[in-house]
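One structure is given here, and the rest of the page talks about it.
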Amino acid sequence: MRAIEIAGPGGPEVLEWREVPDPQVERGDVLIDVTASAVNRADVLQRQGFYDPPPGSPPYPGLEVSGVVAEVGADVEQFKPGDEVCALLGGGGYAERVAVPWQQVMPAPANVPLRAAAGLPEVACTVWSNVFMVGRLRRGETLLVHGGASGIGTFAVQLAKALGAHVVTTVGSAAKAEQVRELGADEVINYREEDFADKVRADVILDIMGAKYLTGNVRALRTGGRLVIIGLQGGRKGEIDLGAMLSKRLSVHATTLRARPVDEKGVIVRSVVDNVWPLVEAGAVKPVVYAEVPMAEAAEAHRMLDSGEHVGKILLVR
Numbered sequence: 001m002r003a004i005e006i007a008g009p010g011g012p013e014v015l016e017w018r019e020v021p022d023p024q025v026e027r028g029d030v031l032i033d034v035t036a037s038a039v040n041r042a043d044v045l046q047r048q049g050f051y052d053p054p055p056g057s058p059p060y061p062g063l064e065v066s067g068v069v070a071e072v073g074a075d076v077e078q079f080k081p082g083d084e085v086c087a088l089l090g091g092g093g094y095a096e097r098v099a100v101p102w103q104q105v106m107p108a109p110a111n112v113p114l115r116a117a118a119g120l121p122e123v124a125c126t127v128w129s130n131v132f133m134v135g136r137l138r139r140g141e142t143l144l145v146h147g148g149a150s151g152i153g154t155f156a157v158q159l160a161k162a163l164g165a166h167v168v169t170t171v172g173s174a175a176k177a178e179q180v181r182e183l184g185a186d187e188v189i190n191y192r193e194e195d196f197a198d199k200v201r202a203d204v205i206l207d208i209m210g211a212k213y214l215t216g217n218v219r220a221l222r223t224g225g226r227l228v229i230i231g232l233q234g235g236r237k238g239e240i241d242l243g244a245m246l247s248k249r250l251s252v253h254a255t256t257l258r259a260r261p262v263d264e265k266g267v268i269v270r271s272v273v274d275n276v277w278p279l280v281e282a283g284a285v286k287p288v289v290y291a292e293v294p295m296a297e298a299a300e301a302h303r304m305l306d307s308g309e310h311v312g313k314i315l316l317v318r
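Residue 1 is where the sequence shown starts when you use full-length UniProt numbering, and the numbers rise one by one after that.
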């Protein structure tokens, strides 16, 4: 088969479409003929040499795919050849085929084009597990989403709104502000012009920035608030006011998804199918696709992501 290999740490130009060995189908695996994958920030970090795949995962980038089941390994009863599916991966999505543990595979949602479904697994599992399973966001509470125009942000805004939350988000331009309002955001803060900590009091914050926003996030949380950190785009190390945390009874959670054991990912995937897919199939939450790029031209898709101009997901299609 063919896949995108990383010739060495560097810019988008190091992504090369090459012939590689076919994946081996082990016990418990599902082999998927890939229709599309999607570009995530983790793929960029892997391209730059900062984020290796977990042990046992394919070396090619790509944390999610959609496609058609080609083969199933021994003991797999949940899926069969011909099923249209999407899957959460440890790596290997930028390829014509990928083998993935059945626990990380889910039926493609009805009423969503199979290509577009490629942009759902990573954001759905990330948002559901962090905002609702860890952050325990409830109807009527306020969620602050940093980076509301990103793939994760556009999904978080829609899902939280569909489940009855008041949704606030930060963006970097007026154009992006208008787009996330159309997705359901109640309040939008341009972080280039305003300090979010002066503008909002939130029950849950979904944060991709890390150290840079730590002080502001503590200020912005209400009593009993929950901060969930899922990215470090603003740095790894920062100071935290423990006095403020004590007085407001705050909690801070820092999580990753990619390196979790298969069984843990399986719990999240099944919960997404049960709780999120019905909203997607009803049209209350939709994949937001910024662009579709041929998979062989993954370098161009990475340039789009690096530019920061996109809203939603960039897909790699075959």
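Glycine is no exception: its CB is placed at the ideal position from the N, C-alpha and C atoms.
- The three-state secondary structure of residue 306, taken from DSSP, is helix.
- Ranking 78, 137, 107 and 1 by CA distance to the CA of residue 227 puts 137 first.
- With a 10 Å radius around the Cβ and a threshold of 16 neighbouring Cβ atoms, residue 150 comes out buried.
- When only Cα atoms are considered, residue 131 and residue 40 end up about 19 Å apart.
- Boundaries of the beta strand (DSSP E) around residue 18: 15–19.
- Between residue 34 and residue 76, the C-beta gap is not smaller than 9 Å, which leaves the two residues out of contact.
- Residue 145 sits close to residue 205, with the two beta carbons spaced by under 9 Å.
- In chain order, 5 and 7 place their CB closer than 6 Å to the CB of residue 16, counting only its own chain and leaving out the 5 sequence neighbours on each side.
- Here the alpha carbon of residue 81 sits roughly 32 Å from the alpha carbon of residue 133.
- When only Cα atoms are considered, residue 27 and residue 263 end up about 15 Å apart.
- In the three-state reduction of the DSSP assignment, residue 64 falls in the strand class.
- Excluding five sequence positions before and after residue 47, the CB atoms of its chain that fall closer than 6 Å to its own CB belong to 6, given in chain order.
- For residue 308, same chain residues with a beta-carbon under 8 Å away, outside a window of 5 residues either side, are 172 in chain order.
- Of 189, 234 and 201, the smallest CA-CA separation from residue 214 is found for 234.
- The DSSP-derived three-state label of residue 124 is helix.
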